[in-house]
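Per the numbering used here, the sequence shown starts with residue 317, numbered consecutively. All residues carry an ideal CB built from backbone N, CA and C; glycine is no exception. Here the structure is a predicted model, which is why all the values come from computation and not from measurement. The block underneath contains the structure these notes are about, expressed in structure tokens.
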Amino acid sequence: RRSTQQDPQAWWEVDLGDFANLHIVKLWNRTDEPPDMTMARDKYSSRLVPCWIMASQKPYSDEVGGSSLINALGQSVARHQITRDKRCTTWHVPENISARYIRVQLEGFNFLHFAQLEVFGIIGVQGSVGRCSRVVCGKHCTVAIIRPLSDPADINRVYKRAILSDAQNADILRERETFALEYDKYGRGGKDMECIICTGGQKCENCLMKERFAGELKDLSLGAAGRVLTLDEMAEMLLDAPKPPLNFTPKVVVDNSWAGKLQQRLAGKKSDDSVKK
């Protein structure tokens, strides 16, 4: 059993010890009742609602009250609100969420106590392919049909991951009503957008490529109307970019054979004769 004092927006959290790809989080509430029969039977269990379960890749702040809940929700890569007093609440974490810190935090001023918290997942930052109902492969792309997203924060995160992977994805997603608001807000992305694909201190393939060719990409011009270049456009420009001059000095090969030594002696004798003249 876990409990806190009566605090504003009381919280409890756990460090998993390493990054994990989360699948399911179960929060078990108390089932005991007050010994005083004049008290409400759900006096203890009702203290847990409303609350939030959230996951983060960075440690949460230890502040209490004030804007602690808002700050924690903003830092989280996934979150789930509990509004019903239940024996067990099961949160199916969105696909490919990698986190290390799990927090349970109340919305109001009360005691925070529960029986048990269970976290199910796979250790590591690499996520599974997820649950797909259909996959269609084409020449230049692969489309996977997954369950719909209901949380606006998840839609926001998925859109940002897509355009950070390749700006061309924005042209595809803008045709879907689900991502209309995200397209108006982020467009095709920008250089100042923080990469959310990098997880667990490991840089993604795009960031490694941009770091490796930082000098060349700095000199590349943006696309029409200042739009962000796609991966294909960057690859084409990098291949066509002027190559730096080679700083190459041919290695002097010394012929140690008898014929080579004879030529060296003759060359040295001719040089001496020219000096005497």
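Excluding sequence positions up to five away, which residues of its chain have a Cβ less than 7 angstroms from the Cβ of residue i?
| i | result |
| --- | --- |
| Asn485 | Ala478 and Ile479 |
| Lys402 | Asn345 |
| Gln391 | Ser372, Lys374 and Tyr376 |
| Leu554 | Phe529 and Glu532 |
| Asp535 | none |
| Asp482 | Thr546 and Leu547 |
| His408 | Ile340 |
Leaving aside the five residues before and after residue i along the sequence, list all residues of the same chain whose C-beta is less than 8 angstroms from its C-beta, in chain order.
| i | result |
| --- | --- |
| Ala336 | Ser414, Ala415, Arg416, Val435, Gly437, Ile438, Ile439 and Gly440 |
| Thr458 | Val451 and Val452 |
| Arg490 | Ala496 and Tyr499 |
| Ile513 | Arg477, Leu480, Ser481, Cys520, Asn522 and Cys523 |
| Gly576 | Val570 |
| Cys404 | Lys342, Leu343, Trp344 and Asn345 |
Give the single residue among the options whose Cα lies nearest to the Cα of residue i.
| i | options | result |
| --- | --- | --- |
| Tyr475 | Gln391, Phe529, Tyr499 and Arg395 | Tyr499 |
| Asp331 | Ile418, Thr458, Arg403 and Ser384 | Ile418 |
| Gln325 | Met509, Arg504, Asp535 and Asn387 | Asn387 |
| Pro350 | His339, Ile340 and Arg363 | Arg363 |
| Phe425 | Arg400, Ser573, Ser384 and Val393 | Ser384 |
| Thr546 | Pro366, Gly506, Glu411 and Cys404 | Gly506 |
| His339 | Asn412, Glu329 and Arg543 | Asn412 |
| Glu493 | Ile471, Phe564, Leu422 and Val365 | Ile471 |
| Asp323 | Glu423, Leu389 and Met370 | Glu423 |
| Phe427 | Glu329, Asp352, Pro560 and Gln321 | Gln321 |
| Ala469 | Cys404, Leu389 and Asp508 | Leu389 |
| Asn572 | Pro566, Thr565, Phe564 and Arg581 | Arg581 |
| Thr515 | Pro561, Val393, Glu329 and Asp352 | Val393 |
| Ile488 | Pro410, His456 and Ser466 | His456 |
| Asp467 | Pro410, Glu552 and Cys404 | Pro410 |
| Trp328 | Asp334, Glu379, Pro566 and Asp352 | Glu379 |
Among residues of its own chain, excluding the 5 on either side of residue i, which ones have a beta-carbon nearer than 6 angstroms to its beta-carbon?
| i | result |
| --- | --- |
| Gln397 | Trp368 |
| Thr406 | Lys342 |
| Cys511 | Leu480 and Cys523 |
| Ser319 | His429 |
| Gly381 | Pro324 and Gln325 |
Whole-angstrom Cβ separation of residue i and residue j, contact assumed at under 8 angstroms?
| i | j | result |
| --- | --- | --- |
| Leu533 | Met550 | 7 angstroms |
| Val365 | Thr399 | 6 angstroms |
| Arg504 | Val544 | 4 angstroms |
| Arg395 | Met370 | 4 angstroms |
message = With three or more beta-carbon pairs closer than 8 angstroms as the criterion, would you say the segment 374 to 383 touches the segment 349 to 364?
response = These segments do not touch.
query = When the Cβ atoms of the segment 329 to 345 are set against those of the segment 420 to 434, are three or more pairs found closer than 8 angstroms?
reply = Counting Cβ pairs under 8 angstroms, three or more are found: they touch.
ask   = At what residue ranges does the segment 474 to 537 contain a whole run of the alpha helix (DSSP H), taking only runs of 4 or more?
value = Under the rule that a run must span 4 or more residues, the alpha helix (DSSP H) segments found entirely inside the segment 474 to 537 read 484 to 489, 496 to 502, 521 to 528 and 530 to 534.
task = Return the chain-ordered ranges of every alpha helix (DSSP H) run that is complete within the segment 550 to 591 and spans a minimum of 4 residues.
result = Correct list: empty.
request  = Only counting runs of 3 or more residues, tell me where the beta strand (DSSP E) segments fall wholly within the segment 320 to 376, in order along the chain.
outcome  = As far as the segment 320 to 376 is concerned, its whole beta strand (DSSP E) runs of at least 3 residues are 327 to 344 and 367 to 372.
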